[in-house]
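Presented below is the structure to which this report refers.
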Amino acid sequence: MGMNVGSSSGGEPDVIMDVNTTPLIDVMLVLLVMLIITIPIQLHSINLDMPPPNPNAPQKDPVFHEVMIDFDGTVYWDAVAMPNHDAVEAKLAEVAAVQPVEDQPEVRIKPNKLVDYGSVAKVMASAQRLNVKKMGMVGNEQFLK
């Protein structure tokens, strides 16, 4: 803001028509701080179906089947090549048929680094559809580089 000093006209000084925005900014900052303080903290959580804790150690080693998927989409069940996807589904159905569910063998899927995602997704979708409860991915460290 300026001031007209020593005007040559000798009359009234010119009136400056600017709005003083400093009080408005102060009020807006106070309101912003109040808003930030009063907003509750959002916790982004995901509900997981976790097994109940068991203080006893497992009495036997877990049984597992390793399903390797090669770069061309060939599926190997415990190092034996499967001729087609129906054979893979038959093996997954055998695993899913084991009752109770706690005694089901684990299915460890190990895809090759170069395999198409569709081949892996097809095996995982079949396992889910056939109610295989113990399934996991192995060898994910190869994708870090």
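In this text, residue positions in the sequence shown follow our numbering: the first is 1208, and each later residue adds one.
By construction, the Cβ of each residue, glycine as well, lies at the ideal position given by its N, Cα and C atoms.
Keep in mind the model is a prediction, meaning the values are calculated, not measured.
- Query: Do you know how far the Cα of residue 1259 is from the Cα of residue 1304?
  - Reply: 23 Å
- Query: Taking the Cβ atom as the reference point for each residue, do residue 1284 and residue 1272 lie within a distance shorter than 8 Å?
  - Reply: yes
- Compare the C-alpha of residue 1337 against each of 1295, 1344, 1316 and 1246 and name the closest. 1295
- Express the C-alpha separation of residue 1236 and residue 1243 in angstroms, rounding to a whole number. 11 Å
- Query: Where are the alpha helix (DSSP H) runs, 4 residues long or more, that stay fully inside the segment 1227–1255, in chain order?
  - Reply: 1229–1245
- Given that a residue counts as buried once 16 or more other Cβ atoms are within 10 Å of its Cβ, and exposed if not, what is residue 1232? exposed
- Task: Using a threshold of 8 Å, state whether the C-beta atoms of residue 1317 and residue 1350 are closer than that.
- Result: No Cβ-Cβ contact shorter than 8 Å links residue 1317 with residue 1350.
- Message: My output table needs one value for residue 1300: the three-state DSSP class, helix, strand or coil.
- Response: Helix, per DSSP.
- Among 1282, 1308 and 1263, which one has its Cα closest to the Cα of residue 1331? 1282
- Message: Considering Cα atoms alone, identify which of 1327, 1222 and 1299 is closest to residue 1277.
- Response: The shortest C-alpha separation from residue 1277 is found at 1327.
- Assign residue 1274 to one of two classes, buried (16 or more other C-beta atoms within 10 Å of its C-beta) or exposed (fewer than that). buried
- Query: Ends of the beta strand (DSSP E) at residue 1275?
  - Reply: Its beta strand (DSSP E) spans residues 1271–1276.
- Query: What separation, rounded to the nearest whole angstrom, lies between the Cα atoms of residue 1290 and residue 1249?
  - Reply: 50 Å
- Query: My guess is that residue 1311 and residue 1341 are in contact by the Cβ rule of under 8 Å, so how many angstroms apart are they, rounded?
  - Reply: 5 Å
- Query: When you compare only the Cα positions, how much space is there between residue 1226 and residue 1241?
  - Reply: 25 Å
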